[in-house]
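According to mature numbering (1 follows the signal peptide of the UniProt record, and there is no 0), the stretch in the sequence shown is residues -24 to -1, 1 to 273, in order. Note that CB positions come from ideal geometry on N, CA and C, so glycine has one too. Remember, predicted model here, so these are calculated numbers, not experimental data. Data block below; observations after.
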Amino acid sequence: MFSLKSSTLSLVLAVLGGQALVAAASTPDFPPLSPLVRADLERRDPKDYQLFHNEERSGNLSTRAVIPGGITRCNTHACFSFTFDDGPYHQKIADEIASIGTRATFFVNGNNYQCIYDDAAVKALKYSYNAGHQICSHTWSHPDIETISRTQLRKQVQLVEDALYKILGVVPSCIRPPYGSASDATIKFLNDLGYNVILWNADTKDADGAAVNYSLNQYRALKAPKHVIILNHETVPSTSKQTIPQALQIVQNNGYEPKNMGTVAQTVGFSPYKVITTPGKRDSTWTCAGKPQPGGN
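Next comes the structure, spelled out in structure tokens:
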């Protein structure tokens, strides 16, 4: 359980898979946050929110060594993490994954296939989050982050922080670079912003137009106890309608037990969020107007 009240303990450490989770004390020790989120929290009573820092035993995210290539596999025994980019838009996937007693991780954009503040997107986000699935960042508008400046990348990250803070009352602690494109220097930059950079070691190729059977063959090739983080895309209709329902049975037939499956936070070992608090209420700031458009920066 990652939830720790910041007002009740001066310092709490819980070691999780080689990393330690730190809950802030009565004097808030804020992790790296967007200016909007930080300013709002500073106006609140510390009893009304929880703060988390993902740290290694030897130091915090701002000083720890970069994992070359990012995190591509989970750590726990015979682990398996279903991950989905560009969503969540389909409650069906959230329901299918939950039906076997596990949870998925959704890497979401602010403005890619649709605006994150649209009623349908807000509803889908809340549905998946309330069902226990993990919500991570996939940048605001899905640019190749190796082609933009650090200032632009910071904005891409912070706009998603602002949106998820308003909609769900959380700030994610993990991010997936669009196209999996991130140099070690970029990974270090994202680490310094408080993020675990999550990639994958199995890919259904659904976003590239792969046929359902091709995607299912990628699942068939995965045998326990191989440690797996697999990439899927919610925006491909066949993924939700055909691939995932069959894949769930395939991976269980291949030796993966639901008790060893989970979100990347669970199978890698870190707090899923930097902040947990109550969500906001819709106002005029819940808009994609004036912000980067799909593919832009």
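Candidates the options, of which the one nearest residue i by Cα
i           : options                : result
P119        : R152, D95, V146        : R152
D62         : T215, K131, V227       : T215
I76         : I47, C264, A223        : A223
N273        : A70, N87, V212         : N87
V173        : G46, A100, A107        : G46
V136        : P4, T3, L12, P7        : L12
A74         : V147, C91, A107        : A107
R49         : G256, A178, K257       : A178
K181        : Y195, Y171, I111, D168 : Y195
residue 275 : A200, P8, T3           : No answer is possible for residue 275: the residues shown for the chain start at -24 and end at 273.
W176        : P213, V244, A96        : V244
S10         : A139, Y103, V98, A70   : A139
I226        : D259, P213, S191, T81  : S191
L166        : Q128, P201, G185, K199 : Q128
F246        : F28, A200, E18         : F28
A265        : Q90, K235, P201        : Q90
I206        : D168, F82, W262        : F82
N229        : A241, K217, D259, A197 : A197
Beta-ladder partner(s) of residue i, from DSSP
i    : result
L207 : T59, D179
V173 : I151
I47  : I174
Start-to-end residues for the beta strand (DSSP E) that takes in residue i
i    : result
P148 : 146 to 148
V251 : 249 to 252
Start and end residues, alpha helix (DSSP H) containing residue i
i    : result
A161 : 160 to 168
Y195 : 188 to 196
D16  : 11 to 18
P221 : 220 to 229
Supposed contact pair residue j and residue i - C-beta distance, whole angstroms, cut 8 Å
i    : j    : result
P268 : S117 : 4 Å
T254 : G145 : 5 Å
P248 : S149 : 6 Å
F56  : N208 : Actually they do not touch by this definition, with Cβ atoms about 13 Å apart.
R79  : H53  : 17 Å between Cβ atoms; not a contact.
V251 : Y93  : About 19 Å separates the two Cβ atoms, so there is no contact after all.
V98  : I143 : 6 Å
H114 : V133 : That pair is no contact at about 10 Å.
T211 : V188 : Not really, about 15 Å apart at Cβ, beyond 8 Å.
Y105 : I111 : 6 Å
task = Go through the region 66 to 128 residue by residue and report every complete run of the alpha helix (DSSP H) that reaches 4 residues or more, in order.
result = 67 to 75, 95 to 106
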